[in-house]
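Asks:
Residue numbers (the working numbering): 5 to 296.
(1) Residues bridged to residue 247 by DSSP?
(2) Does the Cβ of residue 235 have 16 or more other Cβ atoms within 10 Å, making it buried, or fewer, making it exposed?
(3) Between residue 104 and residue 149, what straight-line distance do the alpha-carbon atoms span, to the nearest angstrom?
(4) Reducing DSSP to helix, strand and coil, say where residue 281 ends up.
(5) In the DSSP output, what is residue 40 paired with across the bridge?
(6) Considering just the uninterrupted stretch of the alpha helix (DSSP H) at residue 105, what are its terminal residues?
(7) Do residue 127 and residue 93 count as a contact pair if the criterion is CB distance below 8 Å?
(8) Answer with buried or exposed for residue 54, where buried requires no fewer than 16 other C-beta atoms within 10 angstroms of its C-beta.
(9) Tell me the residue span of the beta strand (DSSP E) that contains residue 188.
(10) Using only alpha-carbon positions, find the residue among 129, 168, 100, 169 that is nearest to residue 250.
(11) Candidates 275, 97, 259: which alpha carbon is nearest residue 268's?
(12) Can you tell me whether residue 225 is buried or exposed? The criterion is at least 16 other CB atoms within 10 Å of its CB, across all chains shown.
(13) State the beta-bridge partners of residue 143 as determined by DSSP.
(14) Please classify residue 265: is it buried, with 16 or more other beta-carbons within 10 angstroms of its beta-carbon, or exposed?
(15) Could you work out which residue in 153, 147, 172 is closest to residue 139 when comparing CA atoms only?
(16) The alpha helix (DSSP H) spanning residue 219 covers which residue range?
(17) Taking 8 Å as the threshold (beta carbon to beta carbon), is residue 82 in contact with chain D?
(18) Take the Cβ of residue 220 as the centre, count every other Cβ of all protein chains shown within 10 Å, and call the residue buried at 16 or more, exposed below.
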């Protein structure tokens, strides 16, 4: 493939992506044995970097991998990566695997050197049309493993579920397990019913997003009625509003699910309020130029 003209980072070295290579024996390649993090950057300022690095450390601990850098070192390397890109709004991708090892063995190697890889792509905000009119989604049974709270690179189930949305020409696949809402294939899902924002509680069956946390924080800050609790599938089908949140999509209204309109098929009254709260927070954080 032709590599984009971007600067990446691999094991202590910054270089064009085309010049970075890993071993074919890397356990990330052979087993999906690693974790990742995606960090939104606005005007060269990472949003909620402390929280992203905390989640990264938690994912590493969950798979018994030492963290190769401290928080200050991570912050410095990420800022260096950001500075070397030609665009100001970025999505920084961080991946750490258990590294190369031979012979191939499912068990952890006794000695290994982790592979640390990063690159930054341009972050494009959701279109004005998507914000104004909302997006569509389909639903599916959650076929993923039971440790979805770990941000692991072994994402085949998510890939297959996301492809269902692509094949249907919609934005996301909303996942249900045993009759309860979990999340989207690559997002968190919240609903509104009778003026109350409902959010599924963090658990091992969902990856708690940084944007999900921020939306709940903003709801509390602005005294928006809120309940964090298990949400039945039928409650989603009967919802007045459905929102999806992620680092790349920010906050979007889902106005159609499985080809049927959500309520009247338009973004509900609470959505533009939360969207504005999010934009004000983001702009203030960037104005201050610090991790808010």
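Yeah, the Cβ is synthetic: ideal placement off N, Cα and C, and Gly gets one too.
Replies: Reading from the atomic positions:
(1) By one-based count along the chain shown, residue 247 stands at place 243. In the DSSP secondary-structure assignment, residue 247 is bridged to 194, 257.
(2) If you number the chain shown from 1, residue 235 lands on position 231. The residue is buried, with at least 16 neighbouring Cβ atoms inside 10 Å.
(3) If you number the chain shown from 1, residue 104 lands on position 100. If you number the chain shown from 1, residue 149 lands on position 145. Counting only the Cα atoms, residue 149 lies some 25 Å from residue 104.
(4) Here residue 281 is taken as the residue at index 277 of the chain shown, counted from 1. The answer is helix: DSSP assigns residue 281 an H, G or I state.
(5) Reading the chain shown from its first residue, position 36 is the one you call residue 40. In DSSP, residue 40 forms a bridge with 99.
(6) As a working note, residue 105 is residue 101 in the chain shown. Counting along the chain, no alpha helix (DSSP H) covers residue 105, and no H or E run does either.
(7) What you label residue 93 is simply residue 89 of the chain shown in a count that begins at 1. What you label residue 127 is simply residue 123 of the chain shown in a count that begins at 1. Yes; because the gap between Cβ atoms is below 8 Å, this pair is in contact.
(8) In the chain shown, the residue the question calls residue 54 occupies position 50. Per the 10 Å Cβ criterion, exposed.
(9) Taking the chain shown and counting its residues from 1, one reaches residue 188 at position 184. Element bounds for residue 188: 184-188.
(10) Here residue 250 is taken as the residue at index 246 of the chain shown, counted from 1. For residue 250, the nearest C-alpha among the options comes from 129.
(11) Locating residue 268 in the chain shown gives position 264, counting from the first residue. Taking only the C-alpha atoms, the option nearest residue 268 is 259.
(12) Stepping through the chain shown from its first residue, residue 225 is reached at position 221. So residue 225 counts as exposed.
(13) The residue you call residue 143 lines up with position 139 of the chain shown. Bridge partners of residue 143: 178.
(14) In the chain shown, counting from the first residue as 1, residue 265 sits at position 261. By the C-beta density criterion, residue 265 is exposed, having fewer than 16 other C-beta atoms within 10 angstroms.
(15) On the chain shown, position 135 is the one that residue 139 refers to. When only C-alpha atoms are compared, the closest one is 172.
(16) Counting from 1 along the chain shown, the entry for residue 219 is found at position 215. Residues 214-225.
(17) No chain D is part of this structure, which consists of one protein chain only.
(18) Position 216 of the chain shown, counted from the first residue, corresponds to residue 220. Its Cβ being crowded by 16 or more others within 10 Å, residue 220 is buried.
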